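Note sheet for the following structure.
There are 2 protein chains.
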Amino acid sequence: MSDAAFLADPSPAEAADALRDADDRAVALYGACELAYDGRATSTLPVGRRHVLHKPDGTLLAHAATGHQPVNWLAPGATLSVSVEDDELRLHGERDGETLDCRFTHVSHVSLLPLDDADAEVSGTEDDLRERVLADPDLISEGFRPLATERDTAAGPVDIYGEDADGTRVVVELKRRRVGPDAASQLDRYVDALARDLHADAAVRGVLVAPSVTDRARHLLAEAGHDFVPLTP
Amino acid sequence: MSDAAFLADPSPAEAADALRDADDRAVALYGACELAYDGRATSTLPVGRRHVLHKPDGTLLAHAATGHQPVNWLAPGATLSVSVEDDELRLHGERDGETLDCRFTHVSHVSLLPLDDADAEVSGTEDDLRERVLADPDLISEGFRPLATERDTAAGPVDIYGEDADGTRVVVELKRRRVGPDAASQLDRYVDALARDLHADAAVRGVLVAPSVTDRARHLLAEAGHDFVPLTP
DNA sequence: AAATATATATCGCTA
DNA sequence: TAGCGATGTATATTT
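In order, the protein sequence lines correspond to chains A and B.
According to this note's numbering, the residues represented by the first sequence are 2 to 234, in order.
According to this note's numbering, the residues represented by the second sequence are 2 to 234, in order.
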């Protein structure tokens, strides 16, 4: 792969050439530009100083002064067109009917950056929580026996499906974070679906496993007769 | 605000000084670094070439070759500590019990970038959809009369609350995108809650407004007796 | 390609 | 501050 390269105060044509010669390098642009997105919604931004990053996978990110999120972007897979019109650098990204246009009134800096890809090994996810429950099923309730993970139902796959000490079928829904009403509804859908899958009169117990639960979710769980088991990943 | 500044091949100490002198400017670093995140989860990445952006609001973003999402990050509000140890630049970000450490084995480039903030005017949102329905309530059903928006219930605020041509109470839930089972459950919660708020025997009709629905969601709606109105923002 | 659920989601609003 | 829902959510997995 080519080396990193940096251009200070390039002309629009030089900036355009840099973008075209990027190969597998990411391109970071700094300058003043106007942004216009159209696709899932429509958004325009007046000229302002931004940091624009184009990755070799087509990702296009325009960052303003604040926030984790780019102020405008295109997801991976976009194709970029570069041109110079009226002595201005213009980027036109397109992907799946979405477009993002950047009109640079001034380009202050262009960097060509070889970046390494890397999958971060993340732990503390819902998968880890599941491993923990499977390793010690008594965490759910004394004598709980897991029978399957990702068991399919009409409502979708259930995190853990198993049996109580007294033979009652149990649906376990795992959440790594404090849960709200959505998780209670989700568990409810699974329990309903499983009860039908089995038999009209089959008793199915629902268990929500999470670090904690909001009041409203606790209420929903109680109403539906489901249990909550506090457990932190 | 200070001007933009660019440093090529800075020493670790020079890079650290640049970060400390950033004032209200964002700092973009390019080089090889090892990343370690700990907080809501745990993640480590071996040394690799990355693009790291630190914004004046504390946001810290580390980008690898692919993807919209940073490979590691801290949300706005983080505080950054900069140091040089073993002749290496080290960043330590901290926020609300979360930490992100960047150990640079080599810094190739540092930029100090004044960025403008900007709120993008976005159209095509759920708010726009609501305006459209309020302007032409017949879109819901012939003779529908909106009575309130964001009407509070025990389950949360309802998008639009109103009355049918025949006086039946109606709960309208708006979605700007194709909806799945979650939206059907949400509408169901609202309808249940409103029926209780009013009277035990009050009939409440649920209407989901969205461009389209998935099969499973359609089933859930049908089971609960709710209606679907196709409408694209 | 479509559907479904997760995420270190982030962001904005409201009580 | 916590809860709650929207987001141009992105991303992974499975069908």
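Glycine is no exception: its CB is placed at the ideal position from the N, C-alpha and C atoms.
If you're wondering where the values come from, they're calculated on a predicted model, not measured in any experiment.
Which of helix, strand or coil does DSSP assign to residue i?
i                        : result
arginine 133 of chain B  : helix
serine 236 of chain A    : Limits of chain A in this structure are 2 at one end and 234 at the other, which puts residue 236 of chain A out of reach.
histidine 220 of chain A : helix
aspartate 58 of chain B  : coil
valine 192 of chain A    : helix
alanine 79 of chain A    : coil
proline 258 of chain A   : Nothing about residue 258 of chain A can be reported from this structure: the residues present for chain A run from 2 to 234 only.
serine 112 of chain A    : strand
leucine 140 of chain B   : helix
serine 186 of chain A    : helix
arginine 197 of chain B  : helix
leucine 20 of chain B    : helix
alanine 63 of chain B    : strand
alanine 6 of chain B     : strand
alanine 297 of chain B   : Residue 297 of chain B lies beyond the residue range present for chain B, which begins at 2 and ends at 234; the question has no answer from this structure.
alanine 225 of chain A   : helix
alanine 211 of chain B   : strand
leucine 175 of chain B   : strand
aspartate 160 of chain A : strand
threonine 154 of chain B : strand
valine 72 of chain A     : coil
Pull up the DSSP beta-bridge partners for residue i, would you.
i                        : result
histidine 107 of chain A : A:Ala33
threonine 100 of chain B : B:Asp39 and B:Glu95
alanine 49 of chain A    : Here the sequence assigns glycine to residue 49 of chain A, which means alanine is not the residue at that position. Bridge partners of glycine 49 of chain A: A:Cys34.
alanine 27 of chain B    : B:Leu114
serine 44 of chain B     : A:Val123 and B:Tyr38
leucine 90 of chain A    : A:Val85 and A:Phe105
valine 180 of chain A    : A:Val214
proline 231 of chain B   : B:Ala211
Does the separation of the CB atoms of residue i and residue j fall below 8 Å?
i                        : j                        : result
aspartate 228 of chain A : valine 214 of chain A    : no
alanine 19 of chain A    : alanine 66 of chain B    : no
valine 83 of chain B     : alanine 14 of chain B    : no
serine 44 of chain A     : glutamate 122 of chain B : yes
tyrosine 38 of chain A   : leucine 101 of chain A   : yes
valine 173 of chain A    : valine 210 of chain A    : yes
arginine 178 of chain B  : tyrosine 162 of chain B  : no
proline 57 of chain A    : aspartate 97 of chain A  : no
cysteine 103 of chain A  : alanine 76 of chain A    : no
leucine 113 of chain B   : leucine 81 of chain B    : no
alanine 5 of chain B     : histidine 52 of chain A  : no
alanine 79 of chain A    : glycine 68 of chain A    : no
valine 72 of chain B     : leucine 90 of chain B    : no
glycine 59 of chain B    : glutamate 99 of chain B  : no
threonine 126 of chain A : alanine 42 of chain B    : yes
alanine 119 of chain A   : glycine 49 of chain B    : yes
valine 171 of chain A    : tyrosine 191 of chain A  : no
leucine 36 of chain A    : leucine 46 of chain A    : yes
methionine 2 of chain A  : proline 138 of chain A   : no
Between residue i and residue j, how many whole angstroms is the CB-CB distance? I'm expecting something under 8 Å.
i                        : j                        : result
alanine 33 of chain B    : threonine 106 of chain B : 5 Å
aspartate 165 of chain B : serine 142 of chain B    : 7 Å
serine 147 of chain B    : leucine 135 of chain B   : It should be pointed out that residue 147 of chain B corresponds to proline in this sequence rather than to serine. Confirmed, Cβ separation roughly 6 Å.
glycine 181 of chain B   : alanine 218 of chain B   : 5 Å
histidine 110 of chain B : leucine 8 of chain B     : 7 Å
alanine 155 of chain B   : arginine 197 of chain B  : 7 Å
proline 212 of chain A   : leucine 188 of chain A   : Contact doesn't hold; Cβ gap of about 16 Å is too wide.
aspartate 193 of chain B : aspartate 183 of chain A : Contact doesn't hold; Cβ gap of about 15 Å is too wide.
leucine 140 of chain B   : valine 230 of chain B    : 7 Å
Compile a chain-ordered list of the residues in the segment 101–119 of chain B whose CB is closer than 7 Å to at least one CB of chain A. Ser109, His110, Ser112, Leu114, Pro115, Leu116, Asp117, Asp118 and Ala119
Going along the chain, which residues of the segment 11–23 of chain B sit with their C-beta nearer than 7 Å to a C-beta in chain A? none
Interface residues of the segment 45–66 of chain A facing chain B [CB-CB below 8 Å]: Thr45, Leu46, Pro47, Gly49, Arg50, Arg51, His52, Leu54, Lys56, Pro57, Asp58, Thr60, Leu62, His64, Ala65 and Ala66
Residues within the segment 68–96 of chain B neighbouring chain A, beta-carbon criterion of under 7 Å: Gly68, His69, Val72, Asn73, Trp74, Ala76 and Pro77
Cβ-based contacts, 7 Å cut-off: residues of the segment 188–209 of chain A near chain B: Arg190
Using a beta-carbon distance cut-off of less than 7 Å, what residues from the segment 170–189 of chain A approach chain B? Pro182, Asp183 and Ser186
In chain order, what residues of the segment 117–148 of chain A put their CB closer than 7 Å to some CB of chain B? Asp117, Asp118, Ala119, Ala121, Glu122, Val123, Ser124, Gly125 and Thr126
Check each residue of the segment 223–234 of chain B: if its Cβ is closer than 7 Å to any Cβ of chain A, include it; give the result in chain order. none
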